[in-house]
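To keep things clear, I will list the structure first and then write my remarks on it.
2 protein chains.
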Amino acid sequence: MPAETITVNRDIDADRRDAAKKFREQRSRAGTLVVNLVSSPGAGKTSLLEATLAHWKQRWNVAVLVGDLATDRDAQRLRPFAPTEQLTTGGACHLPLPLVEQGFQRLPSCPLDFLFIENVGNLVCPASHDLGEHLRVVLVSTTEGDDKPGKYPKMFRTSDALVVTKLDLLPYVPFDVDCVVQDARKVQANLEIMTVSVTQQTGIAAWCAFLEKRREHMLQEMQQS
Amino acid sequence: MPAETITVNRDIDADRRDAAKKFREQRSRAGTLVVNLVSSPGAGKTSLLEATLAHWKQRWNVAVLVGDLATDRDAQRLRPFAPTEQLTTGGACHLPLPLVEQGFQRLPSCPLDFLFIENVGNLVCPASHDLGEHLRVVLVSTTEGDDKPGKYPKMFRTSDALVVTKLDLLPYVPFDVDCVVQDARKVQANLEIMTVSVTQQTGIAAWCAFLEKRREHMLQEMQQS
Chain S
0 MPAETITVNR
10 DIDADRRDAA
20 KKFREQRSRA
30 GTLVVNLVSS
40 PGAGKTSLLE
50 ATLAHWKQRW
60 NVAVLVGDLA
70 TDRDAQRLRP
80 FAPTEQLTTG
90 GACHLPLPLV
100 EQGFQRLPSC
110 PLDFLFIENV
120 GNLVCPASHD
130 LGEHLRVVLV
140 STTEGDDKPG
150 KYPKMFRTSD
160 ALVVTKLDLL
170 PYVPFDVDCV
180 VQDARKVQAN
190 LEIMTVSVTQ
200 QTGIAAWCAF
210 LEKRREHMLQ
220 EMQQS
Chain C
0 MPAETITVNR
10 DIDADRRDAA
20 KKFREQRSRA
30 GTLVVNLVSS
40 PGAGKTSLLE
50 ATLAHWKQRW
60 NVAVLVGDLA
70 TDRDAQRLRP
80 FAPTEQLTTG
90 GACHLPLPLV
100 EQGFQRLPSC
110 PLDFLFIENV
120 GNLVCPASHD
130 LGEHLRVVLV
140 STTEGDDKPG
150 KYPKMFRTSD
160 ALVVTKLDLL
170 PYVPFDVDCV
180 VQDARKVQAN
190 LEIMTVSVTQ
200 QTGIAAWCAF
210 LEKRREHMLQ
220 EMQQS
């Protein structure tokens, strides 16, 4: 007989779901809306965050967790705007929740209105990992082509909002906003869809208003529960 | 006592390496250069293949295996140019060798000079999977930013060539070709680097000449061995 009993076949997925739910609930109680930004590499996650933080001009308490395989290039860009922690995955293709939790612990311990998580640039793997966010936002740039939602369906199906970026490049690329909207809605009918150009500063105010409204909604839900 | 013995701890990685080596050697003997194209989603793998096949005007016998999570959109674009097989990963983030082998078996059984594998759009996971290619080519579009090699080092370290795409968009985006070259060479000093614009048809002849030279080199190596 074995000296100790080892439980196998433990439902790791259930453990992960519970941990993500707990992180989300804790942030809700603290009044922090957690936003997980996902996209292909170079779709403009860091640029959108720069524009968001510049638009708010410190009206809200914000912190950022930035995921990357290597380097802290994105974190360096964001530190002038808000407390930012680099999460280096060391080659892994997505941010896992434990890394997010560790990064969160390293942030200054002041109340936060918004916590942004900039995921690793990857339109596939981050779709399968709940980071305890309230809002998953997928970015697609006009230069990537308007056929992406159907080709990478899980990312769009699991997202709450789609932000089409680099609208300023529309005159130079074969991209139809109506097409990408139609394609995305086929995958996820309730997707909130916005368009922005960080270069031309269009759509930023609407995007920020959307985030504020979602936070307000979260606070109301907390009061009712 | 168990009725049969099951060998565990088998070195699956070694098995995979052997299978990839075997596939590569078989293609070498058949005179087929296998080219694995990798990049972020929307960097222009399919467009580069369209331009390549149009440039060659059936001078060479070519076939294409196209990987996608879902849909056969890219395969539809390429079928007018060459025998093309869709490989649907069903959500997986990279092409595995067995899927490539199955797709290869479905191709018309005629001699091939070039076999292109268009991988899933993902700058992370395909870096870890040898598909039996002779040449791994990573594409970076000018719209993605010139900071990508350092941020996604494994993909550049394991590639033989870098093709910078969408050169026509250079006037409209913050991208410095010298920067990306420098960043890429830091990761992989021997990387062959080319620039193309499919829209303006620049760099396509040089890219095709590079492929032809590499095939010639492979044939010479076969003769000497």
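First to last, the protein sequences are chains S and C. If you use numbering that gives the first Met the number 0, the first sequence corresponds to residues 0 to 224, in order. If you use numbering that gives the first Met the number 0, the second sequence corresponds to residues 0 to 224, in order. Every residue, glycine too, gets a C-beta built ideally from N, C-alpha and C.
*Look at residue 118 of chain C and residue 37 of chain C and say whether their C-beta atoms are less than 7 Å apart.*
The Cβ atoms of residue 118 of chain C and residue 37 of chain C lie closer than 7 Å to each other.
*Could you tell me whether any Cβ in chain C is nearer than 7 Å to the Cβ of residue 128 of chain S?*
Nearest CB-CB separation between residue 128 of chain S and chain C: not below the 7 Å threshold.
*Would you kindly report the start and end of the unbroken alpha helix (DSSP H) that includes residue 27 of chain C?*
Note, residue 27 of chain C: alpha helix (DSSP H), 11 to 28.
*If contact means a Cβ-Cβ distance below 7 Å, which residues of the stretch 52 to 67 of chain C contact chain S?*
Shown in chain order are the members of the stretch 52 to 67 of chain C whose Cβ falls below 7 Å from a Cβ of chain S: 67.
*Pull up the distance between the alpha-carbon of residue 147 of chain C and that of residue 23 of chain C, whole angstroms please.*
Distance between the alpha carbons of residue 147 of chain C and residue 23 of chain C: 29 Å.
*Would you say residue 167 of chain C and residue 199 of chain C are within 7 Å of each other, going by their C-beta atoms?*
Residue 167 of chain C is a Cβ neighbour of residue 199 of chain C, given a cutoff of 7 Å.
_Residue span of the alpha helix (DSSP H) that contains residue 45 of chain S, given as start and end_ = Under the DSSP assignment, residue 45 of chain S falls in the alpha helix (DSSP H) whose first and last residues are 44 to 55.
*Below 8 Å between beta carbons is the criterion; list the residues of the stretch 158 to 183 of chain S that meet it against any residue of chain C, in chain order.*
Going along the stretch 158 to 183 of chain S in chain order, one finds 165, 167, 168, 171 and 172 with a Cβ nearer than 8 Å to chain C.
*asked:* Measuring only the C-alpha atoms, how far is residue 211 of chain S from residue 70 of chain S?
replied: Each residue's alpha carbon lies about 31 Å from the other.
*Name the one or two DSSP bridge partners that residue 85 of chain C has.*
Within the DSSP secondary-structure output, residue 85 of chain C pairs in a beta bridge with C:65.
*Per DSSP, residue 35 of chain S is paired with what?*
Answer is S:116 and S:135, bridged to residue 35 of chain S.
_Cβ-based neighbour list, residue 76 of chain S, same chain, cut-off 6 Å, excluding 5 preceding and 5 following_ = Taken in chain order, the residues that qualify are 45.
_Considering Cα atoms alone, identify which of S:158, S:105 and S:151 is closest to residue 130 of chain S._
Of the candidates S:158, S:105 and S:151, the one whose C-alpha sits nearest the C-alpha of residue 130 of chain S is S:158.
*Taking C-beta pairs closer than 7 Å, name the residues in chain C that residue 144 of chain S reaches, listed in chain order.*
What residue 144 of chain S touches in chain C: 41.
*Can you give me the start and stop residues for the beta strand (DSSP E) that residue 163 of chain C sits inside?*
Annotation for residue 163 of chain C: the continuous beta strand (DSSP E) segment containing it runs 160 to 164.
*Excluding sequence positions up to five away, which residues of its chain have a Cβ less than 8 Å from the Cβ of residue 0 of chain S?*
With a pLDDT of only 45 at residue 0 of chain S, under the threshold of 50, the placement of this residue in the model should not be trusted, and no figure is reported.
*If we cut at 7 Å on Cβ distances, does residue 192 of chain S have a partner in chain C?*
No, because no Cβ of chain C sits closer than 7 Å to the Cβ of residue 192 of chain S.
*Does the distance from the CB of residue 41 of chain S to the CB of residue 138 of chain S come in under 7 Å?*
Against a cut-off of 7 Å, the Cβ pair of residue 138 of chain S and residue 41 of chain S comes out as no contact.
*asked:* Below 7 Å on C-beta distance, what does residue 70 of chain S contact in chain C?
replied: Within 7 Å of the CB of residue 70 of chain S, the CB atoms of chain C belong to 149 and 150, in sequence order along the chain.
*Say whether chain S places a C-beta atom closer than 7 Å to the C-beta of residue 122 of chain C.*
It does; some Cβ of chain S falls within 7 Å.
*Contact check, residue 103 of chain C vs residue 64 of chain C under 8 Å by CB: the rounded distance?*
Their Cβ separation, rounded to whole angstroms, is 7 Å, which keeps residue 103 of chain C and residue 64 of chain C in contact under 8 Å.
*How about the stretch 92 to 100 of chain S and the stretch 120 to 134 of chain S: do they share at least three Cβ pairs that are nearer than 8 Å?*
Judged by pairs of C-beta atoms under 8 Å, the stretch 92 to 100 of chain S touches the stretch 120 to 134 of chain S, as three or more such pairs exist.
*asked:* Rounded to whole angstroms, what is the Cα-Cα separation between residue 149 of chain C and residue 161 of chain S?
replied: One C-alpha to the other measures close to 27 Å.
*C-beta atoms of residue 116 of chain S and residue 60 of chain S nearer than 7 Å*: Cβ atoms of residue 116 of chain S and residue 60 of chain S: not closer than 7 Å.
*Using CA coordinates, which residue listed in S:29, S:145 and S:91 is at the minimum distance from residue 181 of chain S?*
Nearest Cα to residue 181 of chain S within the set S:29, S:145 and S:91: S:145.
*asked:* Using a Cβ-Cβ cutoff of less than 6 Å, which residues in the same chain neighbour residue 153 of chain S once the five nearest sequence positions on both sides are dropped?
replied: Within the same chain, residue 153 of chain S has close Cβ partners 126.
*If we ignore side chains and look at the alpha-carbon of each, how far apart do residue 169 of chain C and residue 142 of chain S end up?*
In this structure, the alpha-carbon of residue 169 of chain C lies about 12 Å from that of residue 142 of chain S.
*Cβ of residue 0 of chain S within 7 Å of any chain C Cβ*: With a pLDDT of only 45 at residue 0 of chain S, under 50, the local geometry of the prediction cannot be trusted, and the value read off the model is given with reservation. The beta carbon of residue 0 of chain S sits no closer than 7 Å to any beta carbon of chain C.
*Run down chain S in chain order and give the residues with a C-beta less than 9 Å from the C-beta of residue 140 of chain C.*
Below the 9 Å Cβ cutoff, chain S contributes 41, 142 and 143 as neighbours of residue 140 of chain C, in chain order.
*Express the C-alpha separation of residue 13 of chain S and residue 179 of chain S in angstroms, rounding to a whole number.*
So the two alpha carbons sit approximately 34 Å from each other.
*Tell me whether residue 105 of chain S is buried or exposed, calling it buried when 16 or more other Cβ atoms sit within 10 Å of its Cβ.*
So residue 105 of chain S counts as exposed.
*Inter-residue Cα distance where the pair is residue 84 of chain S and residue 74 of chain S*: Each residue's Cα considered, the two are about 7 Å apart.
*Skipping 5 residues on each side, what residues in its chain have a beta carbon closer than 7 Å to that of residue 135 of chain C?*
Within the same chain, residue 135 of chain C has close Cβ partners 35, 37, 157, 158 and 159.
*Measure the alpha-carbon distance for residue 191 of chain S versus residue 56 of chain C and round it to whole angstroms.*
Distance between the alpha carbons of residue 191 of chain S and residue 56 of chain C is about 45 Å.
*Taking Cβ-Cβ distances below 7 Å as the criterion, which residues of the stretch 74 to 95 of chain S are in contact with chain B?*
The displayed structure is made up of protein chains S and C, and chain B is not among them.
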